[in-house]
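This report concerns only the one structure given below.
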Amino acid sequence: MVHSFDPAVVDAVLAHMNGDHLDDNLLIVRAHGVPEATAASMSDVDGEAGTWTVIGPEGPVGERRIRWPGGPITERAEIRREVVALYDAACAELGVEPRPH
1 MVHSFDPAVV DAVLAHMNGD HLDDNLLIVR AHGVPEATAA SMSDVDGEAG
51 TWTVIGPEGP VGERRIRWPG GPITERAEIR REVVALYDAA CAELGVEPRP
101 H
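Residues in the sequence shown are numbered consecutively from 1, following UniProt numbering.
Following this line, the structure appears as structure tokens:
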């Protein structure tokens with residue numbers, strides 16, 4: 001069974017990712033199967049993966065669910081660790097210099 005985080009936790013994570021890390025969202029989805037993406041916002045998070053809503057040059061592409069690199073998680077603090085791992089992997093894949101964490 002997939003772990004569900006409290007709705008307040010999900011809301012806080014989404015607000016942070018979509019308020020402070022839109023460029024990171026875009027890098028993550030481009031490196032994980034949607035290279036043509038022009039915009040992305042995080043739309044959900046659970047114990048198995050993050051989900052991003054993706055926009056391409058012609059408009060909405062749909063959602064992209066990306067599993068956590070470290071495997072399933074159950075703690076709020078693990079979300080940050082896994083998103084940072086996705087970001088770092090995306091930077092490596094796309095040849096982008098990652099910023100310090």
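Glycine included, every Cβ here is placed at the ideal spot set by N, Cα and C.
Residues bridged to Ile55 by DSSP?
Partner(s): Ala39 and Pro60.
Look up Asp46 in the DSSP assignment and say whether it is helix, strand or coil.
Asp46 falls in the coil class under three-state DSSP.
Considering only residues of the same chain and omitting the five flanking positions on each side of Asp46, which have a CB-CB separation below 7 angstroms?
Val2, His3, Ser4 and Phe5.
Identify the continuous alpha helix (DSSP H) that holds Arg76 and give its terminal residues.
Run containing Arg76: Arg76 to Leu94, per the alpha helix (DSSP H) assignment.
Leaving out five residues on either side along the sequence, give the residues of the same chain with a beta carbon under 8 angstroms from the beta carbon of Ser43.
Result list for Ser43: Leu14, Thr51, Trp52, Thr53 and Glu63, in chain order.
Exposed or buried, which one is Ala77 when buried takes at least 16 other CB atoms within 10 Å?
When all chains shown are included, Ala77 counts as exposed.
Where do the ends of the alpha helix (DSSP H) carrying Pro7 lie?
Pro7 to Asp20 is the extent of the alpha helix (DSSP H) around Pro7.
Excluding sequence positions up to five away, which residues of its chain have a Cβ less than 8 angstroms from the Cβ of residue 107?
Coverage of the chain is limited to positions 1 through 101, which leaves residue 107 absent and any answer about it impossible.
Below 7 angstroms between beta carbons: does that hold for Ala31 and Ala90?
Yes, these two residues count as a Cβ contact at 7 angstroms.
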